[in-house]
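Novice:
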Amino acid sequence: MQKKAIKFLIIILFLSISFLAKTQDFNTFKDKLYWGGSFGMSFGAYTYIQVAPVLSYAVSDDFIVGLGLDYAYFKDTQYYPFVYEGSIWTPRLFARYFLLDNLFVHAEFQQMFFKDVYNISLNPNAWITDSRMYAGGGYRSWMGPNSYSFIMLLFDLERSDFYFGSNPIVQIGFAAGF
Numbered sequence: 049m050q051k052k053a054i055k056f057l058i059i060i061l062f063l064s065i066s067f068l069a070k071t072q073d074f075n076t077f078k079d080k081l082y083w084g085g086s087f088g089m090s091f092g093a094y095t096y097i098q099v100a101p102v103l104s105y106a107v108s109d110d111f112i113v114g115l116g117l118d119y120a121y122f123k124d125t126q127y128y129p130f131v132y133e134g135s136i137w138t139p140r141l142f143a144r145y146f147l148l149d150n151l152f153v154h155a156e157f158q159q160m161f162f163k164d165v166y167n168i169s170l171n172p173n174a175w176i177t178d179s180r181m182y183a184g185g186g187y188r189s190w191m192g193p194n195s196y197s198f199i200m201l202l203f204d205l206e207r208s209d210f211y212f213g214s215n216p217i218v219q220i221g222f223a224a225g226f
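Residues in the sequence shown are numbered from 49 upward in steps of one, following our numbering.
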């Protein structure tokens with residue numbers, strides 16, 4: 049798990065240095081920062097609420113690196129009288145390279161932390177950690193001179209026993225410059 053994160057960071061660092069040489073427009077540091085993220089909700093027998101803020105840095109016109117923190121709350125009542133409720137915290141690192149003006153490839157490392165609500169009677173304070181590697185691509189659509197929305201399709205490269213969601217996943221989000 050730690051080795052994966054270290055390898056990912058080394059690749060990001062190497063790509064950052066190599067793409068930095070391509071940068072011709074030397075804006076200020078603040079001009080290269082973007083904030084954004086996504087959020088989602090579903091209600092019913094399975095309630096899910098997610099907030100995922102992101103901070104990214106444009107290394108060059110074609111290459112972006114970033115970090116984020118996802119928070120998700122869930123409540124599953126489909127197996128009544130058993131009710132499963134909890135939170136998932138997920139710090140993440142990502143890199144995005146634009147092949148064309150608006151078409152990009154994306155790689156992401158996530159480390160999930162969640163309380164074991166399914167075996168709570170065995171150990172009420174047990175936390176589970178699980179790492180994920182995603183890869184895929186997407187499309188951005190400019191909303192103004194310094195902001196855009198995006199849609200992307202990501203594949204989980206390491207499905208594990210603690211899997212939440214579908215594979216592949218579709219993400220829709222936005223980014224806006226400072």
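We put the CB at the ideal spot given by N, CA and C, even for glycine.
Leaving out five residues on either side along the sequence, give the residues of the same chain with a beta carbon under 8 Å from the beta carbon of Gly184.
Specialist: The residue you call residue 184 lines up with position 136 of the sequence shown. If we look at Gly184 and ignore the five residues flanking it on each side, its Cβ neighbours are Val153, His154, Met200, Leu201, Leu202, Phe203 and Pro216.
Novice: Would you check if the distance between the CB atom of Val102 and the CB atom of Gly116 is smaller than 8 Å?
Specialist: Locating residue 102 in the sequence shown gives position 54, counting from the first residue. Locating residue 116 in the sequence shown gives position 68, counting from the first residue. Yes; because the gap between Cβ atoms is below 8 Å, this pair is in contact.
Novice: Please name the residue in Tyr128, Val107 and Met89 whose C-alpha comes closest to that of Phe77.
Specialist: As a position in the sequence shown, residue 77 is number 29, starting the count at 1. Phe77 has its Cα closest to that of Val107, out of Tyr128, Val107 and Met89.
Novice: Compare the C-beta of Thr177 against all C-beta atoms of chain E and say whether one is closer than 8 Å.
Specialist: No chain E is present in this structure, which holds just one protein chain.
Novice: Out of curiosity, what's the CA-to-CA distance linking Arg207 and Tyr182?
Specialist: Residue mapping note: residue 207 aligns to position 159 of the sequence shown, counting from 1. Residue mapping note: residue 182 aligns to position 134 of the sequence shown, counting from 1. So the two alpha carbons sit approximately 10 Å from each other.
Novice: Given a cut-off of 8 Å on the beta-carbon distance, is the pair Ser135 and Tyr119 in contact?
Specialist: Numbered from its first residue, the sequence shown carries residue 135 at position 87. Numbered from its first residue, the sequence shown carries residue 119 at position 71. A contact, by the Cβ cut-off of 8 Å.
Novice: Please classify Val113 as buried or exposed, where buried requires at least 16 other C-beta atoms within 10 Å of its C-beta.
Specialist: On the sequence shown, position 65 is the one that residue 113 refers to. It is buried - the Cβ of Val113 has at least 16 other Cβ atoms within 10 Å.
Novice: Rounded to whole angstroms, how far is the Cβ of Gly225 from the Cβ of Gly85, which I believe are closer than 8 Å?
Specialist: Mapped onto the sequence shown, residue 225 falls at position 177. Mapped onto the sequence shown, residue 85 falls at position 37. Actually they do not touch by this definition, with Cβ atoms about 14 Å apart.
Novice: Give every residue of the same chain whose Cβ lies closer than 6 Å to the Cβ of Met89, excluding the five residues on either side of it in the sequence, and list them in chain order.
Specialist: The sequence position of residue 89 within the sequence shown is 41, counting from 1. If we look at Met89 and ignore the five residues flanking it on each side, its Cβ neighbours are Ile97.
Novice: Which residue from Val131, Ile176, Ser197 and Gln158 puts its Cα closest to that of Ala143?
Specialist: Counting from one through the sequence shown, the residue named residue 143 turns up at place 95. Taking only the C-alpha atoms, the option nearest Ala143 is Gln158.
Novice: Thinking C-alpha only, which one of Tyr187, Asn150 and Arg180 is nearest Arg140?
Specialist: For this step, residue 140 is matched to residue 92 along the sequence shown. If we check each option's Cα against that of Arg140, Arg180 comes out closest.
Novice: For Ser195, I'd like the list of residues in its chain whose CB is within less than 6 Å of its CB, leaving aside the five on either flank, ordered along the chain.
Specialist: Translated into the one-based positions of the sequence shown, residue 195 becomes position 147. Answer for Ser195: Ala224, listed in chain order.
Novice: What residues are listed by DSSP as bridge partners for Arg144?
Specialist: In the sequence shown, the residue the question calls residue 144 occupies position 96. Partner(s): Ile112 and His154.
Novice: Pull the bridge partners of Asp164 from the DSSP assignment, please.
Specialist: Within the sequence shown, the letter at position 116 stands for residue 164. Paired residue(s): none; Asp164 is not in a bridge.
Novice: Classify Gly192 as buried or exposed, calling it buried when 16 or more other Cβ atoms lie within 10 Å of its own Cβ.
Specialist: If you number the sequence shown from 1, residue 192 lands on position 144. By the neighbour-count rule (16 or more Cβ atoms within 10 Å), Gly192 is not buried but exposed.
Novice: Taking the beta carbon of Gln126 as the centre, do at least 16 other beta carbons fall within 10 Å, making it buried, or is it exposed?
Specialist: Translated into positions along the sequence shown, residue 126 becomes position 78. Flag for Gln126 reads exposed.
Novice: Pull up the distance between the alpha-carbon of Glu156 and that of Pro129, whole angstroms please.
Specialist: On the sequence shown, position 108 is the one that residue 156 refers to. On the sequence shown, position 81 is the one that residue 129 refers to. Rounded to the nearest angstrom, the two C-alpha atoms are 37 Å apart.
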